[in-house]
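Below is one structure, written out as structure tokens; the observations come after it.
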Amino acid sequence: MAGDRAASIDPDALSWYEATARQRVLALTDPGSFREFLPPTERRMSPHLPLFDLPRAFDDGIVVGRARLDGEPVLIAAQEGRFMGGAFGEVHGGKLVGLLRAALALKPKAVLILFDTGGVRLQEANAGETAIAEAMRAIVDVRVAGIPVIGLIGGRAGCYGGGGLIAGTCSRLAVSEGGRISVSGPEVIETNKGAEEFDSRDRALVWRTMGGKHRRLIGGADAFCADTVSAFRKAARDLVGRAPAFDLDTLEAEQARLEARIDRFGDCRDATDVWARLGVNDPESVPAMDTDAFAETVARSPEADHDAR
Amino acid sequence: MTLAEILASLFPQGHAVAVREGLVTGTGPFGDGPMHVVGIDGDTPLGVDGALVLSRAVLNAVRTGDRAPILVAVDSDSQRMSRRDELLGLNECLAHLAKALLLADRSGHPTIGLIYGHTAAGAFIATALATRVLAALPGANPSVMDLPSVARVTKLPLDTLEEMAKSTPVFAPGLDNMVAAGAVHVVLDPDRPLGSQIRAVIDTIEAEDVRDRLGAERGGRLVAHTVAAAVADQARLG
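Residue numbers (full-length UniProt numbering), protein chains in the order written: chain S, 1 to 309; chain L, 1 to 238.
In structure tokens form, the structure reads like this:
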């Protein structure tokens with residue numbers, strides 16, 4: 001059934017932002033190759049949400065399994081941003097951690113994580129927070145074993161909170177315009193620090209500060225994709241082939257890279273100030289650039305491409 | 001216990017650990033060699049600048065190759081919530097600090113977290129939760145989010161949440177609940193010298209990540225371990 005459904009999805013036409021987690025997985029991987037672990041039929045649901053009178057999902061908002069990408073075996077996890085904002089609950093987190101641990105034995109070509117998350121699910125916060133720490137440690141184990149862990153970010157929930165920290169632990173990241181990567185979300189900053197610090201209703205500000213284009217220009221992501229599944233597929237295949245090692249040299253290089261970023265841009269108030277300092281001729285035009293024009297701009301950014309992650 | 005009391009108990013012969021703007025770095029004598037100390041004091045939020053100061057100290061310790069223990073002492077706020085921090089890539093800086101600690105652990109440095117005050121959210125994940133084993137002192141108050149904030153987000157009355165928290169440790173802040181979840185391995189006795197207790201923690205350190213197993217055994221996180229194991233089993237069986 002999975003294969004039939006995959007065949008009916010055109011990856012060129014399917015918007016990553018609009019697609020469900022399941023659609024993304026089926027259209028991203030080779031047709032008919034996906035096999036799910038703990039599928040919805042097993043009904044591993046949150047034991048905690050009923051306490052809050054909240055509906056549950058049979059998959060707890062994450063799809064995990066194995067598949068093939070260009071014939072190569074991969075493990076894959078996809079968060080469903082439409083269920084509880086893709087947040088990490090106990091079952092949700094346990095599925096991701098289990099998948100990462102399985103990678104050590106299965107030695108796939110890569111592990112792909114399709115982020116779509118607001119962070120920790122507050123109704124089961126301690127379990128979610130701890131699962132994020134477990135996932136980060138498991139990713140390091142997988143990377144040390146020489147298996148790339150690739151994050152793909154372009155969903156409607158973005159990649160916030162602990163999701164942003166897990167993303168920062170991956171070997172490589174691909175992001176689209178709609179993908180946002182951040183720790184504190186706009187509403188969290190505004191609630192705690194006031195609208196003068198961050199006006200969460202200013203959507204242009206949100207995209208400039210946390211969106212895919214800014215992350216790509218400063219090297220916070222390694223590929224920028226159009227909002228289609230085929231664009232993410234192409235990016236994933238490319239990034240698997242050029243994942244940095246996880247060792248002291250890589251982390252020393254990342255330390256230098258991040259220190260240099262703060263030295264260079266630490267006094268900037270707005271992303272447009274950062275982009276101007278990166279040599280972008282007309283920073284105000286960046287948000288409206290199409291993918292090709294943006295690719296030319298990225299090619300001129302000295303910070304965009306590196307092995308320091 | 002205060003940080004000064006902790007350091008005095010750990011290093012009765014003195015130490016070279018300093019606190020600058022809430023960031024803790026330095027070393028003290030521990031057994032036959034040194035112990036590296038990094039951390040956050042005074043309920044300080046962790047932003048991009050602080051994260052890189054701490055990661056630099058951790059990577060310097062790894063570069064020495066001395067395989068000495070690294071203590072991560074934490075009394076922090078959450079991550080620093082600001083437009084500047086997010087503009088500069090706070091997620092990368094916090095993840096980098098966590099990766100430095102995970103690399104240190106893999107490079108032969110036992111990493112021990114010690115929470116003695118507050119800690120929350122991203123600052124907690126990047127520091128104490130990135131160690132091999134996490135200890136706490138009584139009075140520590142780790143949380144993901146405080147109950148008034150949870151009340152805002154979940155739109156439930158605070159007194160309802162407080163009542164629910166008594167029977168459901170999985171969402172409620174506090175040390176006991178983090179111990180039950182398996183996130184905190186052990187609570188130390190402040191009335192006994194900390195050095196021997198930390199030594200005992202190091203000596204019993206386990207290679208695998210045991211936190212989900214501890215959560216199941218302690219009843220604070222009953223299903224995570226089973227779920228992770230079921231996924232791994234189904235993956236192996238293909």
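Ideal Cβ positions, reconstructed from N, Cα and C, are used throughout, including at glycine. Because the structure is a prediction, the values reported are computed rather than measured.
**Prompt:** For alanine 73 of chain L, which residues in chain S fall below 7 angstroms Cβ to Cβ?
**Reply:** Chain S residues near alanine 73 of chain L: none, gap ~17 angstroms exceeds 7 angstroms.
**Request:** Pull up the distance between the alpha-carbon of alanine 3 of chain L and that of proline 173 of chain L, whole angstroms please.
**Result:** Note on residue identity: the sequence assigns leucine, not alanine, to residue 3 of chain L. So the alpha carbons of these two residues sit roughly 22 angstroms apart.
**Prompt:** Are glycine 28 of chain L and alanine 16 of chain L close, meaning C-beta to C-beta below 8 angstroms?
**Reply:** yes
**Prompt:** How is the alpha helix (DSSP H) around arginine 83 of chain L delimited, first residue to last?
**Reply:** 83 to 87
**Request:** Could you check if glutamine 234 of chain L is buried or exposed, using at least 16 other CB atoms within 10 Å of its CB as the buried criterion?
**Result:** buried
**Asked** Under the three-state reduction of DSSP, which class applies to arginine 13 of chain L: helix, strand or coil?
**Response** The displayed chain sequence assigns glutamine, not arginine, to residue 13 of chain L. Three-state result, glutamine 13 of chain L: coil.
**Prompt:** What residues of chain S sit near glutamine 79 of chain L, judged by a beta carbon separation below 7 angstroms?
**Reply:** Val183 and Ser184
**Message:** If you measure between the beta carbons of valine 227 of chain L and leucine 38 of chain S, is that distance less than 8 angstroms?
**Reply:** yes
**Asked** chain C beta carbons: is any one of them nearer than 8 angstroms to that of histidine 306 of chain S?
**Response** Included in the structure are the protein chains S and L, with no chain C among them.
**Message:** Whole angstroms are fine: how far does the CA of leucine 75 of chain S sit from the CA of leucine 99 of chain S?
**Reply:** 7 angstroms
**Request:** For arginine 223 of chain S, collect the residues of the same chain with a Cβ closer than 8 angstroms to its Cβ; drop the 5 residues on either side in sequence, then sort them by chain order.
**Result:** Arginine is not the amino acid found at residue 223 of chain S; the sequence shown has alanine there. Arg172, Leu173, Ala174, Val175, Arg216, Ala235, Asp238 and Leu239.
**Asked** Just how far apart, CA to CA, sit glycine 163 of chain S and glutamine 13 of chain L?
**Response** 43 angstroms
**Message:** Suppose you measure from the CA of serine 82 of chain L to the CA of serine 76 of chain L; what does that come to, to the nearest Å?
**Reply:** If you draw a straight line from the Cα of serine 82 of chain L to the Cα of serine 76 of chain L, it comes to about 16 angstroms.
**Asked** Quick one, are the C-beta atoms of asparagine 281 of chain S and alanine 181 of chain L less than 8 angstroms apart?
**Response** no
**Message:** Are the CB atoms of leucine 122 of chain S and valine 184 of chain L within a distance shorter than 8 angstroms?
**Reply:** no
**Message:** On the DSSP bridge list, what partners appear for proline 190 of chain L?
**Reply:** The partner list for proline 190 of chain L (beta bridge, DSSP) is empty, contrary to what the question assumes.
**Asked** Given that a residue counts as buried once 16 or more other Cβ atoms are within 10 Å of its Cβ, and exposed if not, what is leucine 237 of chain L?
**Response** Flag for leucine 237 of chain L reads exposed.
**Request:** State yes or no: is the beta carbon of leucine 251 of chain S nearer than 8 angstroms to at least one beta carbon in chain L?
**Result:** yes
**Item:** Unbroken beta strand (DSSP E) run spanning isoleucine 153 of chain S, endpoints
**Value:** 149 to 153
**Message:** Can you pull out the residues from the segment 204 to 223 of chain L whose beta carbon lies closer than 8 angstroms to at least one beta carbon of chain S?
**Reply:** Asp209, Arg211, Asp212, Gly215, Gly220, Arg221, Leu222 and Val223
**Item:** Cβ shell of threonine 41 of chain S (< 8 angstroms), same chain only, five flanking positions each side left out
**Value:** In its chain, beyond the 5 residues on either side, Phe58 have a beta carbon closer than 8 angstroms to the beta carbon of threonine 41 of chain S.
**Asked** What distance in whole Å lies between the Cβ atoms of phenylalanine 124 of chain L and proline 138 of chain L, which are believed to be in contact at a cut-off of 8 angstroms?
**Response** With 8 angstroms as the limit, proline 138 of chain L and phenylalanine 124 of chain L do not qualify as a contact, their Cβ atoms being about 18 angstroms apart.
**Neighbour flag for asparagine 141 of chain L against chain S, beta carbons, 8 angstroms** = no
**Request:** Would you list, in sequence order, the uninterrupted beta strand (DSSP E) runs of no fewer than 3 residues that lie entirely inside the segment 21 to 104 of chain L?
**Result:** 23 to 30, 33 to 46 and 70 to 79
**chain S within 8 angstroms of lysine 155 of chain L, Cβ atoms only** = no
**Item:** The beta strand (DSSP E) enclosing histidine 214 of chain S, as first and last residue numbers
**Value:** It is not in any beta strand (DSSP E) - histidine 214 of chain S instead sits in the alpha helix (DSSP H) that spans 212 to 217.
**Asked** DSSP three-state call for glutamate 36 of chain S: helix, strand or coil?
**Response** Note: glutamate 36 of chain S maps to strand in three-state DSSP.
**Message:** To the nearest angstrom, how far is the alpha carbon of methionine 145 of chain L from that of leucine 101 of chain L?
**Reply:** 24 angstroms
**Message:** Looking at isoleucine 181 of chain S: is its Cβ nearer than 8 angstroms to the Cβ of alanine 135 of chain S?
**Reply:** no
**Asked** Which residues of chain L have a Cβ atom closer than 9 angstroms to the Cβ of leucine 122 of chain S, listed in chain order?
**Response** Near leucine 122 of chain S (Cβ distances below 9 angstroms), the residues of chain L are Val144, Met145, Ser149, Val150, Val153, Thr154 and Phe171.
**Asked** Using the rule of at least 16 other Cβ atoms within 10 Å of the residue's Cβ for burial, across every protein chain shown, is glutamate 162 of chain L buried or exposed?
**Response** exposed
**Message:** Going by DSSP in three states, residue 245 of chain L sits in which element: helix, strand or coil?
**Reply:** It is not possible to answer for residue 245 of chain L, since the shown part of chain L is limited to 1 through 238.
**Message:** Helix, strand or coil, according to DSSP, for proline 55 of chain S in the structure here?
**Reply:** coil
**Message:** Rounding to the nearest angstrom, what Cα-Cα distance links phenylalanine 265 of chain S and leucine 90 of chain L in this structure?
**Reply:** Rounded to whole angstroms, phenylalanine 265 of chain S to leucine 90 of chain L spans 13 angstroms at the Cα level.
**Item:** Neighbour flag for proline 47 of chain S against chain L, beta carbons, 8 angstroms
**Value:** yes
**Asked** Anyone know if the C-beta pair for valine 72 of chain L and alanine 128 of chain L falls short of 8 angstroms?
**Response** Contact flag set, yes.
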